[in-house]
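Single-structure report; data block below.
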Amino acid sequence: MKTFTRSIVILALIGFGVSMNSCAPKGPKGAITGDAASKVYVAPGQYDEFYNIVSGGFNGQMGIYGLPSGRLFRIIPVFSQFPENGYGYSEESKAMLNTSHGYVPWDDLHHIALSVTNGVHDGRWAFGNANNTPRVARVDLKTFHTAEIIELPNSGGNHSSPFITENSEYVVAGTRFSVPMGDKTDVPISSFKQNFKGTISFIGVDKTTGNMNIAFQLVTPGVNFDLARAGKGPSGGWFFFSCYNTEQAYTLLEVNASQKDKDFIMAVNWKKAEEYMKAGKGKKVKSKYAHNVLDEKTNMTTSTMMEEVLQLDPTELKDILYFIPCPKSPHGCDTDPTGEYIIGSGKLAALIPVFSFTKIQQAIANKDFEGEFAGIPVIKYESALHGEVKKPGLGPLHTEFDANGNAYTSFFVSSEIVKWNVKTLQVLDRVPTYYSIGHLCVPGGPTAKPWGKYVIAYNKITKDRYLPTGPELTQSAQLYDISGDKMQLLLDFPTVGEPHYAEAIPANLVSPNSVKFYKIEDNGHPYAAKGEKEARVERKGNQVHVYMTAIRSHLTPDNIEGVKVGDDVYFHVTNLEQDWDVPHGFAIKGALNAELLIMPGETQSLKWQPKTVGVFPFYCTDFCSALHQEMQGYIRVSPASSNVPLKFSTGKIETEGTGAN
Amino acid sequence: MMPLQRISRLLLAVSALTLISVYFVPLWRILLWAPQYPEGLEMKIWINNLSGDVKIISALNHYIGMKHIEVSMFPEFGYMIYIVGGIIAVGLLAALWGKRAGLLAYLGVMVFVGLAALVDFYLWGYDYGHNLNPDAAIKVEGMSYQPPLIGTKVLLNFTAFSGPDSGGWIFILNGVVLLGIIYFEWHAHKEVPKIRTKVE
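Right under this line is the structure:
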């Protein structure tokens, strides 16, 4: 009996010890179930089903990926220089990065908005925002080139941008930082409440050309605007913005802007604002901002400095703005495909409020207000509320939708995607993400017609998901199948820069329109040489213009003499090829900028300022043909005082030079 | 008073001396796992110091208003070395003295110090988990974050575990050995003479 007792004690002790050491929760191993590989396998030579247009974050670019394979096809330079193809370095593209501050070579691209018609993707343009020096860009999805950039005056940190109305009438740009504006900009930071204002810019988009103009700016109380979505269908004339820092803090926002239990969703009746604008109720305010447009015919970008902007003051012009209380510093503000429900995601909250557009309209009609904030009516929380999703997870950020009435919300803190039903507010499923998801994307998720099928997580922490590459890592995205009741992890794929928002669009809405090359006869570039006969070198004072052509496998001219130290030499290279995927590149020794990558039928110009005497080689950088390595030439640079005559040739053998001149 | 068996005195002395090792190994450990930390975060409590991912844990916990964990938060680190020294001394003296009373005194000290340590740790954990900065960014209604005394507990997105580390196990082993000696002494003495008579 005693032995038995002793054995029990010893066993208990061992058991205690073992249990103390085996309490680690189960890790991500085994998260893949079923045949995930075949669902993401796109056989060699086959195409992906979707384009995934992904913001590059701090690389300032857009990444084009295929889904479901997760393969990266291209990086489109938008707000940052791109030496790989000369964007921002070439004479044609430099103006695209011009601003009221001068040439800005970098920015932080956070969000993508694809153009829509009747709330459905139309595959024409992708808009992106510059977060640092406030701008909005339009990328043409025929060429995948940045076609236009417009700067936003009276803005600081263009984060709440570029969200789009259901017929692409407007792209919005809400300022993250409120700033002092107008004549009074040199003010103490501590005068925030008195002098700092927010703005929401409504950028008009031309129906046919896509050209942007700032139609009007709404001047708002000084808060931080975070994200936004346009209404759809019944709410199509409205826009919804999440705002935080209604505490109006200007220092240590981490603490000081997290004090109020509720901040706001700001509802904007933009149709009403548009009426006021058309009725001439706006006020023109002096504001400098750049508007840069690429001319497709000439391949030249023109930068125009604008001088004034039309502002509307919602404290004077009634019925434009309403605030709706929303718990704990709302981040995401998303409207469901029907346009009836608006989901606010308090990034510090442990529930998700869902607001009803119908109820908001009733509350406004009944003046069901709890008071005013800086002169703007605040609708009672309960009067606008459809309901709350209880205990969904921790740190809700963003919500996308499928076509079956379900919402998918990302949770940063609890690192998961939670699927729930918009009407019933019931949580249906949850899957972990690796790690700490930020934005998420369902193809067509923000539109009136979600394409569904997948949800992609764009994670903020990568850690151990890939082979380590030192302290700096790639970013990690995850693809989940949402076609069944349960979300299923299919694939991890690395993403460049730091993706924030992304959209995905069926390939068949974009790929048929993709330009293969430019017709040489349509090339309207002022320095184009549309055939080798037009290739030449001209001097204008100290400017030397080289009208150069490139065709497999030579550059014309490839021998140039008569250039002097102190000259500004412009190489205008026209690619004479008229076939798909035969680009030529151009690089010259000692260039202080970059290379050019010239598409068939296109002309691009590189400025070169020789500082020393000598003979400098130049060559084609794109492996264009079997004799690519022969595609090269020389330029001779003589002293500033020399009288070497200007001459140029290709294939001309001269009697051996003596070195005398 | 009954004298102790030589083997008991030897075992007592040796086990008391093994306590010297707790000056060189961690006594207690707290482990945390979160979705973002599948490999876990660890804090080790030594006799006079803290080690492990203390800074990372503090940086994470400040969102919910928890204090930064610092060595200076624990006055215990100032006198724990003396308490353990005292325990070793009591153990050695009990072995030298060789009386049952010494054994019982040692048991008393061990039990008292063990309980006091747990109470002390509980009080610290209570304060750390409840006394939150009212300006904290994340405030979840009705939520406090007291770490578990021993065992596992889920706190928001973290799973926390608290339990003895090598030093703690050495203490527990000491207690087990001590109980073993007491058991042996109280039972063996009844039986030993019988055996002797048989042999003689």
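Residue numbers (our numbering), protein chains in the order written: chain R, 1 to 661; chain Z, 1001 to 1200.
Virtual Cβ for every residue (Gly too), placed ideally from N, Cα, C.
- For the pair Z:A1059 and R:R430, the Cα-to-Cα distance works out to about 27 angstroms.
- Bridge pairing for R:S476: R:P494 [DSSP].
- Within its own chain, the residues whose Cβ lies closer than 7 angstroms to the Cβ of R:N542, once the five positions on either side in sequence are excluded, are G566, D567 and D568, listed in chain order.
- Distance from the CA atom of Z:L1093 to the CA atom of Z:W1028, rounded to whole angstroms, is 27 angstroms.
- When only Cα atoms are considered, R:I214 and R:Q629 end up about 49 angstroms apart.
- Judged by DSSP in its simplified three-state form, R:S178 adopts coil rather than helix or strand.
- If only complete runs of 3 or more residues are kept, the stretch 1088 to 1167 of chain Z shows the beta strand (DSSP E) at 1151 to 1155 and 1158 to 1164, in order along the chain.
- Z:P1026 is outside the set of residues whose beta carbon lies under 8 angstroms from a beta carbon in chain R.
- Among the CB atoms of chain R, none fall inside 8 angstroms of the CB of Z:L1011.
- Taking CB atoms only, R:Q259 has a neighbour in chain Z less than 8 angstroms away.
- Distance from the Cα of R:I482 is smallest, within the candidate group R:N513, R:Y408 and R:A130, for R:Y408.
- Residue pairing by DSSP places R:T399 opposite R:T409 in a beta bridge.
- Residues of chain R with a Cβ closer than 9 angstroms to the Cβ of Z:D1135 are, in chain order, V255, N256, S258 and Q259.
- DSSP places R:E307 in the strand class (E or B) of the three-state scheme.
- Contact check for R:K283 against R:Q311 passes: the beta carbons are separated by less than 8 angstroms.
- In terms of Cβ geometry, R:F323 and R:I360 do not form a close pair [threshold 8 angstroms].
- Of all residues in the stretch 1145 to 1158 of chain Z, the ones placed with a Cβ closer than 7 angstroms to any Cβ belonging to chain R are T1152, L1156 and N1157, in chain order.
- With the criterion set as a beta carbon lying under 7 angstroms from some beta carbon of chain Z, the members of the stretch 392 to 413 of chain R are L394 and V413, in sequence order.
- The way I'd put it, the stretch 221 to 234 of chain R does touch the stretch 155 to 170 of chain R; three or more beta-carbon pairs between them come closer than 8 angstroms.
- Among the CB atoms of chain R, one or more fall inside 8 angstroms of the CB of Z:V1140.
- Residue range R1006 to T1018 is occupied by the alpha helix (DSSP H) that includes Z:R1009.
- Taking a cut-off of 8 angstroms on C-beta distances, the stretch 618 to 634 of chain R touches the stretch 537 to 553 of chain R, as three or more cross pairs fall below it.
- Chain Z has no Cβ within less than 8 angstroms of the Cβ of R:Y466.
- Chain Z has a Cβ within less than 8 angstroms of the Cβ of R:I461.
- The beta carbons of R:Y570 and R:V537 sit no closer together than 8 angstroms.
- The C-alpha of R:N559 lies about 6 angstroms from the C-alpha of R:I635.
- Per the coordinates, the alpha-carbon of Z:Y1063 lies some 38 angstroms from the alpha-carbon of R:R138.
- One Cα belongs to R:L394, the other to R:A349, and the distance between them is close to 7 angstroms.
- Using a 10 angstroms sphere on the CB of R:R74, the tally of other CB atoms stays under 16, which defines it as exposed.
- Sixteen is the threshold: since fewer than 16 other Cβ atoms of the shown chains lie within 10 Å of the Cβ of Z:H1068, the residue is exposed.
- For the stretch 612 to 661 of chain R, the continuous beta strand (DSSP E) assignments of 3+ residues that do not extend past its boundaries occur at 614 to 619, 632 to 638 and 647 to 649, in sequence order.
- Residues of chain R with a Cβ closer than 8 angstroms to the Cβ of Z:Q1036 are, in chain order, S415, Y435, S436, I461 and K463.
- In terms of beta-carbon proximity, R:A215 stays away from the interface with chain Z, with every pair separated by 8 angstroms or more.
- Distance from the Cα of R:K142 is smallest, within the candidate group R:N129, R:N593 and R:N513, for R:N513.
- R:M277: member of the alpha helix (DSSP H) spanning W270 to K278, first to last residue.
- Shown here for R:K271: same chain residues with a beta carbon closer than 6 angstroms to its own, the five before and five after excluded, namely G237 in chain order.
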